[in-house]
Amino acid sequence: MPILWHVIQLYAVQGFRRFLLATGYKGELVERFANACQWPEGVSVECVDTGLQTQTGGRIKRLESHLAGAARFCATYSDGVADVDLGELLAFHAGHGAVATMTVVRPELQFGVTELDDDGAVTGFHEKPRSEHWINGGFFCFEPAALDYLEGDSVLERAPLERLAAEGQLRAHRHEGFWECMDTYKDAVTLNDLWESGQAPWRLWGDAQADVRRTRNSATGSRMPRRRRSPA
């Protein structure tokens, strides 16, 4: 299933019911998929064409009319999965009083680390340790006022977040659990293998394979052939 399906399920199982997908390239295919899926009861998924070349912040800005009346809203890139506790994120956001909250994570490094002493002697190794630095994990919570920091051409990670931080309106919610972003084919293989194993850490809902079968049947009318090592 597309990673979008996994992300929506992750939010839906934690109580979210209304989803707006800011679409662009091949948006018609995304909309076709969203309309064909049988989502959990009470969940609505609406696609909004936000343009082919629109940047991340601009896409959220173009949803402004659809967000009218919302007390606050969450946003994510839909290219990563995590076992993030969204209730905890919302509580943290509500507690600090700032306009925006960004979930931060310490990813596992792609390569092992070699330890050296001052004269170049190798003293040890660490296989793919966690980074010592926190990075943007892509699970946000915003007050409506955050929309005032966005323009139609905004890159969310640049001027808007930088300005929010400079004005003391951005807080970081630390997530220490599982997090993985699907940027490459290798990432897709890793995530698919985790899913096939039945041990996917982000699977916070029912039986994994049963959920996939039900969704595939409702979306296509029959079960699609099972393919190993294909992108999610």
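Per our numbering, the sequence shown starts with residue 448, numbered consecutively. Just so it is clear, CB atoms sit at the ideal spot from N, CA and C, and this is done for glycine as well.
ask   = Can you give the beta carbon distance from G544 to G585, rounded, assuming they're within the 8 angstroms contact cut?
value = At roughly 23 angstroms, the Cβ-Cβ gap does not stay under 8 angstroms, so G544 and G585 are not in contact.
Segment contact flag, the stretch 553 to 572 with the stretch 490 to 506, C-beta cutoff 8 angstroms, min 3 pairs = no
request  = Identify every residue that forms a DSSP beta bridge with F589.
outcome  = F520 and A547
ask   = Between Q656 and T550, what straight-line distance do the alpha-carbon atoms span, to the nearest angstrom?
value = Confidence in Q656 is poor, its pLDDT being 41 and thus under 50, which makes the residue's placement too unreliable to answer from.
ask   = In chain order, which beta strand (DSSP E) runs of at least 3 residues are fully inside the stretch 575 to 648?
value = 582 to 589, 617 to 621 and 626 to 628
query = Who are the Cβ neighbours of R465 in its own chain at under 7 angstroms, not counting the five residues just before and after it?
reply = S491
Three-state secondary structure (DSSP) of F539 = helix
For D526: DSSP bridge partner residues = Per DSSP, none; premise fails for D526.
message = If contacts are defined as beta-carbon pairs under 8 angstroms, then A517 and P449 qualify, I think. What distance do you get, rounded to the angstrom?
response = No, A517 and P449 are not in contact; Cβ-Cβ is about 26 angstroms, not under 8 angstroms.
ask   = Going by DSSP, what residues sit across from H573 in a beta bridge?
value = V560
Sufficient close CB pairs (3 or more, under 8 angstroms) joining the stretch 608 to 624 to the stretch 535 to 544 = yes
key: Under 8 angstroms between C-beta atoms of E511 and L594   = yes
inquiry  = Taking the beta carbon of Y458 as the centre, do at least 16 other beta carbons fall within 10 Å, making it buried, or is it exposed?
reply    = buried
query = Grouping DSSP H, G and I as helix and E and B as strand, with all else coil, what is T470?
reply = strand
ask   = Do you know how far the Cα of E609 is from the Cα of D565?
value = 38 angstroms
Cβ-Cβ separation, W649 to A481 (assumed contact under 8 angstroms), whole Å = Between W649 and A481 the Cβ distance is about 20 angstroms, and since that is not below 8 angstroms, they are no contact.
message = For T470 and T497, which I take to be in contact (beta-carbon distance under 8 angstroms), what is that distance rounded to the nearest angstrom?
response = 6 angstroms
message = Does Y472 pass the burial test, meaning 16 or more other C-beta atoms within 10 Å, or should it be called exposed?
response = exposed
key: Exposed unless 16 or more other CB atoms sit within 10 angstroms - verdict on S644   = exposed
task = Answer yes or no: do V460 and L603 have a C-beta to C-beta separation smaller than 8 angstroms?
result = no
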